[in-house]
Ligand SMILES: [Zn+2]
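Residue numbers (the numbering used here): 3 to 663.
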């Protein structure tokens, strides 16, 4: 292909992919399969690799940019991003309407859901997205262009020709369902969890590595054009133009003819609030006509032509009766507020998080205080602030504990961390978490060992480390309340069986920070034994494809700790498999996914066979999967694999491949 032809092809592919991107992410109405989409993208990537100088800034391949940033540049907004005046009741809305009507007549309003996200400004030049910034203080914000480019609902090139040079404003948000899933995964990995979707959106936009932002399912709603060459008359018309240009505009937005219709809109939307997959905290009311907006003007702080009606906050005040301290899996001590039970947005709340001791101190929250409690989405309620005016003088501050509340060890606090930790690896609180994690389905998969049983074992002093599980006797277990011959046998059998789960599951089960299931498999297939792995430096570990620096550091630290080495030696003595037999491997580096039931093998056995041969087992279908083993009644993974054109094999073919007949 000559260059001219390539240029035409690239342009055509870009347009096509951007169109489908729009259909998928903005209209939520894809017209081609994921597979077809990926194929188009692949075609484009191939062409661009051949002709790198033909890559355009709006190419869909350019969403996720290169290197992490050192910091964010501060940029000045061309037009200040004013905040809106608030109304907390319908009467205040009516007052607003009165003020408006004193200056202009025949007013129409546009009612827009007030998205509880992060405000952004996007600048387009000649139809190309050139700069994106956060609101900041309204005058200056952070340049987060690279991060915003990764959000698929933000067009890199505007559709049509009506908008070319413009600034548009809107909101970035973290969808609620995705937020819950994300937090769960973060928790599993021992990484930061966010208090609510808004914090998650803010935290994601502040990420210095756009590649990480690219993995976060951020979305947008745009609602305002500050300037453009179009001759815009009304807000309604602006929204229409935003839609046509390829932006996501909230579908619930409605034009109304008077303030009573507006209050009805507010009431209806508030009733619907919980059913939306994004958080809203009110309604923004804007005078529709731009000439009227101009007439009304702005005060120094707020435009006079708009107001934010705030829903009843999901907040309540109550007494804080106590502050207790919880110990997490990694030993982190977290202050938790015990509250006089109170209704917050229809739910009774008696506990709320105080996040950490720094925050507790900063907010000066004391035992006995009246406090403001807030609940957003389905996340854990939090204490926003204490109501200082109501203090009587006998309230007590909660000092940072010097000792772990569970094991009485002296706590530690490193200078670079907010967290206060119990350093005792055998702390019962930590121990419970560790055993639960070790026994979990994706790790050693020990059946019949639930949280309550673990509590009892620790209470009785039967287990001080994970290794002690393997020394439990029938006599021990029979002393536990509720345990009979059969349940004891079941548990002992599961524990015995777990010895042979294999290296990958063992590594995962050790609960090393940042090491998830996949990283564990990667490590197992690379090093074949726990001893080999333990010898590696962080530097050597980072050389494995797919392993990040933080993970490598965490692994090296783990194996540099004496207690951990002791534990591993104990596990080896017990006869737990800590080695993988390295086979001359046709499967080295190959990734497998199983879907449906196997007849002659159990899933764990089948996974073991893959790993023994150097391969890896993944739970997610993707383009990087080499073999999909299709059993009886395969699930959605099968459909997806077919779409992606992956290699599908049945049970017999699988057995041949791993060398069992
Ligand atoms: Zn402790």
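A virtual CB, placed ideally from N, CA and C, is assigned to each residue, including glycine.
Every unbroken alpha helix (DSSP H) within the region 124-188, with a cutoff of 4 residues, ordered by chain: With a minimum length of 4 residues, the unbroken runs of alpha helix (DSSP H) contained wholly in the region 124-188 fall at 147-151.
Span of the alpha helix (DSSP H) around residue 613: Per DSSP, residue 613 belongs to the alpha helix (DSSP H) from 605-614.
Spatial neighbours of residue 91 in its chain, beta-carbon cut-off 8 Å, leaving aside the 5 residues before and after: In its chain, beyond the 5 residues on either side, no residue has a beta carbon closer than 8 Å to the beta carbon of residue 91.
First through last residue of the beta strand (DSSP E) which encompasses residue 387: Unbroken beta strand (DSSP E) run through residue 387: 384-388.
C-beta contact flag for residue 117 and residue 243 at 8 Å: Cβ distance not < 8 Å, so residue 117 and residue 243 don't count as in contact.
Backbone secondary structure at residue 445 - three-state DSSP: It is coil, neither helix nor strand.
Any non-hydrogen atom of ligand 1 within 7 Å of residue 16 CB: Result no, Cβ not under 7 Å from ligand 1.
Rounded C-alpha distance that separates residue 347 from residue 317: Going from the Cα of residue 347 to the Cα of residue 317 covers about 7 Å.
Residue 114 to residue 285 span [Cα, whole Å]: It is roughly 5 Å from the alpha-carbon of residue 114 to the alpha-carbon of residue 285.
Heavy atom of ligand 1 within 7 Å of residue 465 beta-carbon: No; taking the cut-off as 7 Å, the Cβ of residue 465 has no heavy atom of ligand 1 nearer than that.
Close-in-space but distant-in-sequence residues of the same chain around residue 36 (CB under 8 Å, 5 per side omitted): If we look at residue 36 and ignore the five residues flanking it on each side, its Cβ neighbours are 642, 645, 646.
Three-pair Cβ contact test at 8 Å for the region 128-136 versus the region 295-306: As far as the Cβ criterion goes, the region 128-136 does not touch the region 295-306, which means the pair count is below three.
Contact test: residue 426 Cβ vs ligand 1 heavy atom, cutoff 7 Å: Yes, the Cβ of residue 426 comes within 7 Å of a heavy atom of ligand 1.
N- and C-terminal bounds of the alpha helix (DSSP H) containing residue 215: Run containing residue 215: 212-215, per the alpha helix (DSSP H) assignment.
Proximity test, residue 406 beta-carbon vs ligand 1 heavy atom, cut-off 7 Å: The answer is yes for residue 406.
Nonlocal neighbours in the same chain, by C-beta distance under 8 Å from residue 205, ignoring five residues either side: Excluding five sequence positions before and after residue 205, the CB atoms of its chain that fall closer than 8 Å to its own CB belong to 194, 196, given in chain order.
Cβ-Cβ separation, residue 493 to residue 505 (assumed contact under 8 Å), whole Å: Contact between residue 505 and residue 493 does not hold, since the beta-carbon distance rounds to 24 Å and is not under 8 Å.
Opening and closing residue of the alpha helix (DSSP H) in which residue 47 lies: Per DSSP, residue 47 is one residue of the alpha helix (DSSP H) stretching across 36-52.
Top-ranked residue by Cα proximity to residue 568, from 495, 428, 550, 357: Comparing Cα-Cα distances from residue 568 to each of 495, 428, 550, 357, the minimum goes to 428.
Distance cut-off 7 Å: residue 409 Cβ against heavy atoms of ligand 1: Under cutoff, so the answer is yes.
Distance cut-off 7 Å: residue 431 Cβ against heavy atoms of ligand 1: Correct: residue 431 has its Cβ closer than 7 Å to ligand 1.
Exposure of residue 108, with buried meaning 16 or more beta-carbon neighbours within 10 Å: So residue 108 counts as exposed.
Beta strand (DSSP E) runs contained entirely in the region 296-341, provided each spans 3 or more residues: When DSSP assignments are scanned along the region 296-341, the uninterrupted stretches of beta strand (DSSP E) that are 3 or more residues long and fall wholly within it turn out to be 308-312, 317-329.
Inter-residue CB distance, residue 320 and residue 341 (contact presumed, cutoff 8 Å): At roughly 5 Å, the Cβ-Cβ gap stays under 8 Å, so residue 320 and residue 341 are in contact.
Alpha carbon of residue 486 to alpha carbon of residue 655, nearest angstrom: Near 44 Å, if we compare the C-alpha coordinates of residue 655 and residue 486.
Among 539, 620, 531, nearest to residue 581 - alpha-carbon criterion: When only C-alpha atoms are compared, the closest one is 531.
Those runs of the alpha helix (DSSP H) which lie wholly inside the region 427-492 and span at least 4 residues: For secondary structure counted as the alpha helix (DSSP H) over 4 or more consecutive residues, the region 427-492 holds these complete runs in sequence order: 430-441, 453-461, 476-480.
Residue from 141, 618, 65, 629 whose Cα sits closest to the Cα of residue 302: Checking every option, the nearest Cα to that of residue 302 belongs to 141.
C-alpha gap between residue 279 and residue 575, whole angstroms: For the pair residue 279 and residue 575, the Cα-to-Cα distance works out to about 51 Å.
N- and C-terminal bounds of the beta strand (DSSP E) containing residue 282: Following the DSSP letters along the chain, one finds residue 282 inside the beta strand (DSSP E) bounded by residues 282-289.
Sub-8 Å separation of residue 62 and residue 23 beta-carbons: In this structure, residue 23 lies closer than 8 Å to residue 62 by Cβ.
Distance CB(residue 399)-CB(residue 375) smaller than 8 Å: No.
Where residue 526 sits in the DSSP three-state scheme: Three-state DSSP puts residue 526 in a helix.
Three CB pairs or more closer than 8 Å across the region 508-525 and the region 555-567: Result yes; three or more Cβ-Cβ pairs closer than 8 Å.
Whole-Å CB distance - residue 397 paired with residue 371, under 8 Å assumed: Yes, they are in contact, since the Cβ atoms of residue 397 and residue 371 sit about 5 Å apart, within 8 Å.
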